[in-house]
Ligand SMILES: [Fe+2]
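Residue numbers (the UniProt record's numbering): 1 to 207.
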């Protein structure tokens, strides 16, 4: 048998947020908080409308959720613990520095809404925790970061090994947190469920 190794791997982290939370986060309360913040945030609603953003995001309007709302402070504490675990898993040498939360924002995606393919520049680790995932709602789709270099390569076999696929879909459950390195391109395909898909996303930077 040949000796074949895997090089330059892409790690994807998935856990229950509350598994490392110093103070457990109640996801029903978190969902209610997201909806009430969205309803009150007129600047955010205007931004979404002007920029053709389906549903609501607090990304451009509210930069201090953890300071304003205790439940978001609890989310942030738990995220710090998960990000530290993931940084260790990917063997980052942070030297004298540390990873700190840079942004954290709410996403409310209505039926028919999508979030097109993107990555998170200026950050090291990005991720999402899932607050409301109605039956049949969108997975998150990740793309092989080497895709742009594949040129004349044939496609991979359908149903093949997950770690050899060009695209991987993951369907998280409420209460899950997923983390990846910020250069990993991802998208949220169309929400075909009638109900809103609610999530909270974030970026960590190295300082
Ligand atoms: Fe994203």
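Ideal Cβ placement from N, Cα and C applies to all residues, glycine included.
Here residue 123 is not near residue 185, since their CB atoms are 7 Å or more apart. As computed with DSSP, residue 205 is found in a beta bridge with 100. For the pair residue 99 and residue 206, the CB atoms are nearer than the 7 Å cut-off. If you look at residue 28, you'll find it in the alpha helix (DSSP H) that goes 27-40. Between the C-alpha atoms of residue 128 and residue 154 there is a straight-line separation of about 32 Å. Apart from the 5 residues on each side of it in sequence, residue 63 sits with its Cβ closer than 8 Å to the Cβ of 103 in its chain, given in chain order. About 13 Å separates the beta carbon of residue 91 from that of residue 13, a gap too long to meet the 8 Å contact definition. When DSSP reads this structure, residue 197 sits in a beta bridge with 109. Excluding sequence positions up to five before and after residue 38, its CB lies within less than 6 Å of the CB of 56 and 108, all in the same chain and listed in chain order. Between residue 132 and residue 198, the C-beta gap is smaller than 7 Å, which places the two residues in contact.
With a cut-off of 8 Å on Cβ pairs, the segment 138-145 is in contact with the segment 187-203, counting three or more such pairs. Residue 9 is classed as exposed because its beta carbon has fewer than 16 other beta carbons within 10 Å across all chains shown. Around residue 29, the same chain offers 71 as residues with beta carbons nearer than 7 Å, after the five sequence neighbours per side are excluded. When DSSP states are grouped into helix, strand and coil, residue 122 belongs to the coil group. Following the DSSP letters along the chain, one finds residue 15 inside the beta strand (DSSP E) bounded by residues 13-16.
In the DSSP secondary-structure assignment, residue 129 is bridged to 177 and 200. When the beta-carbon positions are compared, residue 125 and residue 75 stay at least 7 Å from each other.
Taking C-beta atoms as the reference points, residue 195 and residue 166 fail to come closer than 7 Å.
Just so you know, the alpha carbons of residue 201 and residue 176 end up roughly 12 Å apart.
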